[in-house]
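Participant: The opening residue of the sequence shown carries number 374 in the working numbering; numbering runs sequentially from there. Ideal placement from N, C-alpha and C gives every residue a C-beta, glycine not left out.
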Amino acid sequence: MTLTAVRTEPSRCGMTWPSASPDVVLGRWWKDRGMGAGVLVVDDDAQFRLTARRLLEAGGFSIVGEAADGAAALAAVRRLAPEVVLLDVQLPDMDGFEVCRRLALDGAPVVVILVSSRPATAYGGRLERSSARGFVAKEDLTGAAVRALLE
């Protein structure tokens, strides 16, 4: 695998992110090496975070951290630099769409996958208008479902 230098630019929050798309930044290094991508799990329900951790680890992913609200998620992305954020739509301080928007504005090199206990149809066109890679209903969450969105 050839490594390519990626120019970096400061984000609005003062962090420096690679200026390439998340797919370029990820470089599929985790796939090429049979490793799981580093995932940040964001949900205000501690039991769901534990369940998601277990499901994703069983599916070959590495959980790099957890967050219970939007502000903590934004800070964790800056601190932990995960490749993937599994992001609940319904959070106590700001919804997942707003977190996703802020990550995109900051140029964070991360793939966002939205999750909810509600069906995708409950969000109308908001899912399509978001910069998230995709959506998985919580009841359908598996490592394979997340991997399918990353490929």
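Rounded to whole angstroms, what is the Cα-Cα separation between V450 and L514?
Facilitator: So the alpha carbons of these two residues sit roughly 21 Å apart.
Participant: Measuring straight from C-alpha to C-alpha, what distance separates V483 and D461?
Facilitator: Straight-line Cα distance between these residues: approximately 15 Å.
Participant: Whose C-alpha, out of K511, A505 and R520, is nearest the C-alpha of R422?
Facilitator: The shortest Cα separation from R422 among K511, A505 and R520 belongs to K511.
Participant: Taking Cβ to Cβ, would you say S435 is nearer than 8 Å to V412?
Facilitator: Yes, Cβ-Cβ distance for S435 and V412 is below 8 Å.
Participant: Cβ of L453 versus every heavy atom of the ligand ATP: is any distance shorter than 7 Å?
Facilitator: Of ligands this structure carries none, so the ligand ATP is not represented either.
Participant: In this structure, what does DSSP give as the bridge partners for F508?
Facilitator: According to DSSP, which records beta bridges pairwise, F508 is partnered with L487.
Participant: When you compare only the Cα positions, how much space is there between A505 and P465?
Facilitator: Taking the straight line from one Cα to the other gives about 19 Å.
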